[in-house]
Each structure stands twice: as structure tokens, then as C-alpha cells.
Amino acid sequence: RKRGAERGANRPAERVAERSGERAAAGTDPRPKTQTQEKDAGTRTDSAPPARLRVEDLVFEHWKRVMGHPTAKFTRERRAKVKARLAEGYTLQQLTAAVDGCRASAHHMGRNDSGTVYDDLELICRNGGKVEGFLSARPAREVERVREEKAEQAREAEGFDLKAAEADRDRKLVEMRANAKAARDRGLREMRGEASDG
1 RKRGAERGAN RPAERVAERS GERAAAGTDP RPKTQTQEKD AGTRTDSAPP ARLRVEDLVF
61 EHWKRVMGHP TAKFTRERRA KVKARLAEGY TLQQLTAAVD GCRASAHHMG RNDSGTVYDD
121 LELICRNGGK VEGFLSARPA REVERVREEK AEQAREAEGF DLKAAEADRD RKLVEMRANA
181 KAARDRGLRE MRGEASDG
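Anchor point for the sequence shown: position 50 equals 50 in the UniProt record's numbering, and the numbering is continuous, going up by one each time.
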């Protein structure tokens, strides 16, 4: 009888729990939700679409990729400068082009007297003048390409044949690798010979 009483005592509670669970699942439970239930209801575990990136985030992501700073953080200072330029009317395209302009600048990429790289997004977007300066630096890539062509022409005029030098370097590299492999094989044979003799 005692066991039956225990089972009987649990049955109504079990039925109530089952019914309230069914109601909650159906969304028809008349009881007010607790704060935890409200938080859980707002938290979706299925794959929700990713949040849209803001324009300043797109500028930052472009800067990270172009400048090679994959672990950089979008600091308060960087965000403030980018947002200020956007508020002044500069577009996403202009700001990303300014990043490209900085990347094309030999001086800002470390080819200067001190060897210091000046490529921070905060610098690029410091003020409108900086943005416009980097926008005008975009054609620097063409200038750099022409400079390299002229340097190659000068080397050729001096009798320096870049292609012949590269071919010679490649030939020597193949030769060195072959010698290293032969030495390694010789060493392995010697070790095997010593092991079988011993």
C-alpha cells in the first residue's frame, strides 16, 4: 500500500508536468514566463542569418586583408576615425581606395629612412586630408611599375641578364639538392653497413 501511495502521489505531479510541457511547447501555457524562460525564448539555437556588417566594419575588414593584419582589433580609436570620415560624406569605396593607396605608397609600407611601416587604419582615416592624400596615391602602383621597368632596362643595358642570372641560380640550386641527396644516401649506406658489420 505504501508503494501505491507513493506512485499515486507522483502521478498527478507527473501529469501536470507533462501537460505544462505540452502547453509550453505549443505556446498555449497561460502561466507567466520567468525571466530565464523569456531569455531562453529569445535565444535561438538554429542557425540564424549572420548580422549585417556596418560600413565601418567593411572598411576595417578590407584594411585587415590588404595590409596583412588578420588578428588586428577594431579599436575604439580606429572605429571613431572611420565613422568620422563616413559622417563627413566619404563613401565605402573612397575609404577602401584610401587603404589601397596607403598600401601602394612605398614610404608608408616601410621603404623610408627609418624603415618604419605607417599603415594603421587610424592614420589613413585620421582626417579628410589624409584620406584624400591616400586616394591620390593610388596611381603610385603605376609609377612603381614604370620605375621597376626602367631599373630592369638599366640592368640589361649594363649587360646584366636577369633571366640568365635566374637560370644560373636555378641550376646551382638543383645541383646543391642533388649533392645533398647523394651525401644523405651515402650516409645511410654507411650506417647500414656499420649496423650489419657490428
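The beta carbon of each residue, even a glycine, is placed where N, CA and C say it ideally should be.
Where His108 and His69 are concerned, what is the direct C-alpha to C-alpha distance, given to the nearest angstrom? 15 Å
Under 8 Å: do the region 75-91 and the region 111-119 share three or more Cβ pairs, one atom per stretch? Verdict: no, contact absent.
For the alpha helix (DSSP H) containing residue 200, name the first residue and the last one. The question about residue 200 has no answer here: the residues shown for the chain are numbered 1 through 198.
Leaving out the 5 sequence neighbours to the left and right, which residues in its chain are closer than 8 Å to Arg186 when beta-carbon positions are compared? Here the set comprises nothing.
Status (buried if at least 16 other CB within 10 Å, exposed otherwise) for Lys81: buried
Rounded to whole angstroms, how far is the Cβ of Val59 from the Cβ of Thr116, which I believe are closer than 8 Å? About 23 Å; that fails the 8 Å criterion.
Quick check on Gln37: does DSSP put it in helix, strand or coil? Note that Gln37 scores a pLDDT of 46, beneath 50, so its modelled location is shaky; the value from the coordinates is reported in the next line. DSSP places Gln37 in helix when its eight states are reduced to three.
Sub-9 Å separation of Ala151 and Ala104 beta-carbons: One thing to note: Ala151 has its Cβ no nearer than 9 Å to the Cβ of Ala104.
Inter-residue Cα distance where the pair is Thr34 and Arg79: No answer about Thr34 holds up, because its pLDDT of 46 lies below 50 and its placement is not dependable.
Report the CB separation of Leu135 from Gln94 in whole angstroms; it is logged as a contact under 8 Å. 6 Å
Of all the options Arg76, Met67, Leu92, which has the alpha carbon lying nearest to the alpha carbon of Leu53? When each option's Cα is compared against that of Leu53, the closest is Leu92.
Cβ-based neighbour list, Tyr118, same chain, cut-off 7 Å, excluding 5 preceding and 5 following: His108
Short check: CB of Ala84 to CB of Cys125, under 9 Å? yes
In or out: Ala98 buried (at least 16 other Cβ within 10 Å) or exposed? buried
Residue span of the alpha helix (DSSP H) that contains His62, given as start and end: Where His62 is concerned, the enclosing alpha helix (DSSP H) starts and stops at 55-67.
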